[in-house]
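Accompanying notes for the structure given below.
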Amino acid sequence: MSTMPLDKPTVRRIPDKLSTPAARLLGSWESLLAAVAIAIFFANSLASPHFLDPWNLSDATYNFTEKAMIAFAMTLLIISGEIDLSVAAIIALASTAMGAAAQMGFGAPALVGIGLGAGLLCGAFNGLLVARIGLPSIVVTIGTMSLFRGIAQIVLGDKAYGGYPADFAWFGQGYMSDLSWWPSWPGFEVVTFEMVAFLVFAILFGVLLHMTAFGRRIYAIGNNAFAAEFSGIPVRRTKFVLFLLTGLMSGVAAVCLTSRLGSTRHSIAAGWELEIITMTVLGGVSILGGSGSIGGVVLAAVVMGLVTFGLGLLNVPGIVMSIFTGLLLILVIALPIVVRRLRASS
Amino acid sequence: MMMSRILKYRELLLGAIILALIAAFSLRAPGFATPRNLAGIFNDTSILIILALGQMAVILTKSIDLSVAANLAFTGMAVAMLNAAYPGIPLPLLIGAAMAIGAVLGAVNGFMVWIIGIPPIVATLGTLTIYRGLAFVLSGGAWVNQTQMTSAFLDTPRIPLLGLPLNGWTALLVIAVIAVIFMRTGFGRALYASGGNPTAALYAGIDVGRTRFFAFVLSGTLAGLCGYLWVARYAVAYVDIAAGFELDTVAACVIGGISTLGGIGSVAGAVLGALFLGVIKNALPVIDISPFWQMAISGLVIIIAVLFNARQERRKGRLILRDAARSPAPAAAEGAAA
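Taken in order, these protein sequences are the chains called A and B. Mapped onto this note's numbering, the consecutive letters of the first sequence carry residue numbers 2 to 347. Mapped onto this note's numbering, the consecutive letters of the second sequence carry residue numbers 748 to 1085.
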């Protein structure tokens, strides 16, 4: 019944004193996530002697870096009140485009351009349907999810593209220490290109969402699109840009994943949309729009990566891990609701 | 009045498109439009029709059930293993068990949406992975093969009656029962009311949350039934059966004109939407198009159907305010005219 808008008038109590910044930080979703991450880190290092090996940990980051890069863009999109279920299908299509180009003998820079371009095009198509024509994003992106992956399926059939140029492999497999300017401090040799890309995009999206007018507009749109429009915010254009960004980041993830796997099948990244949305929601982004932060999503990515890696070290099969992912998704959404209700009744 | 006329028009249109498709395909392949082949297509689409009707109940209440295929996989695995382990259990009891397990899994979704207040898309995205994972835990990843299941279990849905296998008759029975429930019972009215305007439904004395709960139970029950039908049809049960099929059920509803905003749609629409997908799926190999085209085609059809639906929904006049904001004078004139 809590979903009913007119069920009960909302009573807003004014607190006797404002909470201090320190208290707010302690009680925040992000600090809870950080605590969970640290707990899982300790549990993992106790459960398996191989966990704390730096090279192992470096490998473990591949569990989340590619998904997290899309999750950053998805965060902005969900805060604005929309959703994109076609991200994994965009990876499939972009990867197929790169595979086809590789067959024709294009070099690594061209392949990257083609992957990003395909992602942008797919994002623009979603944006056109949702922001321009005004269709509901859930159904539209269920449709484009079929369409994008379907096109990959038509092109590939049951075959696979391989034969990517050797220097293309660096994006998904390379270490930063391959570059001459990278400092050779101890511990820095295990840093991969994807880890750096993950951090750079985290900072870029964090600045965009939390420090620019564009970011403020996203929150305004998510909280009340009508009011936002009346305040002169270009709602449709902003949403279009967000779909473009999500498509672009799916293209980036496609480059990294294709480079890491070295081959493309039509089932590449199947089911990722689910994990990316779980990551976003676990990061404290409200699925109804209007609130969330990039910091939370970064922590959620690390938590999910550590859980997957730890369970993998304990030989838990992938599909059983997905039970944990599903439970995690439901629990993190249910907990705040239940807590709020308990607090309201006491 | 206006609405019902458009809806009728829409179903007629969809029916005409399906007939035109069948006619076009039979030009390429003369055997396509024979009654025997058409009965085969209907039989092949039965499971999608039944699932689409369950999905429709949920969508009518402004929710969505993405866990139907995983529910189907779990119940299918459960009854297949029951049959393999205890061949003595009579078939009606097994079918009853499948529907009961399905109903429980549906009730879990409904509980989360009703009592806890989790958005339906998130709740069922979660249970989608959980149910399929549980199918793996239940079976240990092993398959249940044809040789392990009894012949009564596998062959009963294939028994032909008046040219249509029992599998197809089951779909007809479900269509009839659902049509009566949706159009002739208080629960059916409540489904439409709680999706069309939840606030008004509340003031009319309808418990919207409870209606949603039972919509999910209905969807789960039908998914359970389909779990049995699927395993019997393909004579094998494994963890990944019907993977991604939940999207086909949503597609069938969207193509059939069930509005994802809730409250709009008819049983005939959902059935025709499912048949549309069924005809295309069965026609592709006949006209020498690789089955790999099917996914892209259904994606394209979903998008076209959503475009079509949007035009229909816009007539409700909900967007007056936004239009007025964009161009005050003409919108006001239109408002006066209407």
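A virtual CB, placed ideally from N, CA and C, is assigned to each residue, including glycine. Note that the structure is a prediction, hence the values are computed from the model and not measured.
Of the choices the options, whose alpha-carbon is the least far from that of residue i?
i       : options                                 : result
Q895(B) : V983(B), L919(B) and F960(B)            : V983(B)
S138(A) : N316(A), L300(A), G290(A) and V304(A)   : G290(A)
H267(A) : V156(A), S29(A) and G116(A)             : V156(A)
F241(A) : I91(A), G106(A), L129(A) and A36(A)     : L129(A)
I794(B) : L819(B), D812(B), N944(B) and L813(B)   : L819(B)
S251(A) : L332(A), G319(A), D54(A) and F149(A)    : F149(A)
F189(A) : S32(A), M322(A) and L58(A)              : L58(A)
L159(A) : W1040(B), E758(B) and G853(B)           : Here the sequence assigns Asp to residue 159(A), which means Leu is not the residue at that position. Checked all of W1040(B), E758(B) and G853(B); the closest Cα to D159(A) is W1040(B).
N944(B) : G1010(B), D791(B), V1053(B) and Y833(B) : G1010(B)
S810(B) : T1007(B), F1023(B) and L1054(B)         : T1007(B)
For residue i, which residues does DSSP report across the bridge?
i       : result
T265(A) : Y162(A)
A984(B) : V891(B)
A919(B) : A small correction: the amino acid at residue 919(B) is Leu; Ala does not occupy that position in the sequence shown. The partner list for L919(B) (beta bridge, DSSP) is empty, contrary to what the question assumes.
T259(A) : None, per the DSSP bridge assignment.
P912(B) : P907(B)
Y176(A) : T193(A)
Measure the beta-carbon distance from residue i to residue j and round it to whole angstroms, keeping in mind my assumption that it falls under 8 Å.
i       : j       : result
L78(A)  : D85(A)  : 6 Å
F821(B) : L881(B) : 6 Å
I729(B) : G144(A) : It is not possible to answer for residue 729(B), since the shown part of chain B is limited to 748 through 1085.
F963(B) : G857(B) : 3 Å
S260(A) : G173(A) : 3 Å
E274(A) : V88(A)  : 5 Å
P904(B) : A979(B) : 5 Å
I91(A)  : G248(A) : 6 Å
Does any CB atom of chain A fall closer than 8 Å to the CB of residue i?
i        : result
M1042(B) : yes
P777(B)  : no
P866(B)  : yes
G762(B)  : no
F789(B)  : no
A1057(B) : yes
T894(B)  : no
I765(B)  : no
M828(B)  : no
G1064(B) : Its pLDDT being 46, under 50, G1064(B) is placed unreliably by the model, and the measurement read from it follows with that caveat. No, no contact with chain A.
I1086(B) : Nothing can be reported for residue 1086(B), as the shown portion of chain B is limited to 748 through 1085.
L872(B)  : yes
G1004(B) : no
V1053(B) : yes
T876(B)  : yes
L972(B)  : no
R879(B)  : yes
S898(B)  : no
G1025(B) : no
R757(B)  : no
S1037(B) : yes
T822(B)  : no
Does the CB of residue i have a neighbour CB from chain B at under 8 Å?
i       : result
P337(A) : no
T4(A)   : Below a pLDDT of 50, predicted positions are generally treated as unreliable, and T4(A), at 46, falls in that range; the measurement from the model is reported next regardless. Interface residue, yes.
V140(A) : yes
I204(A) : no
L330(A) : yes
G297(A) : no
I277(A) : no
R150(A) : yes
S323(A) : yes
Q174(A) : no
I71(A)  : no
R218(A) : no
V37(A)  : no
P137(A) : yes
Where do the ends of the alpha helix (DSSP H) carrying residue i lie?
i        : result
S287(A)  : First-last for S287(A): undefined, no H or E at that position.
P55(A)   : P55 to A61
P945(B)  : P945 to Y950
K68(A)   : T66 to I80
W273(A)  : W273 to L283
H211(A)  : F194 to M212
G114(A)  : A109 to G128
E993(B)  : F992 to I1002
S810(B)  : That residue, S810(B), is in no alpha helix (DSSP H); it is neither H nor E in DSSP.
G1025(B) : V1014 to V1033
F900(B)  : S898 to D902
T97(A)   : V88 to Q104
Y878(B)  : P867 to S886
M305(A)  : I295 to L314
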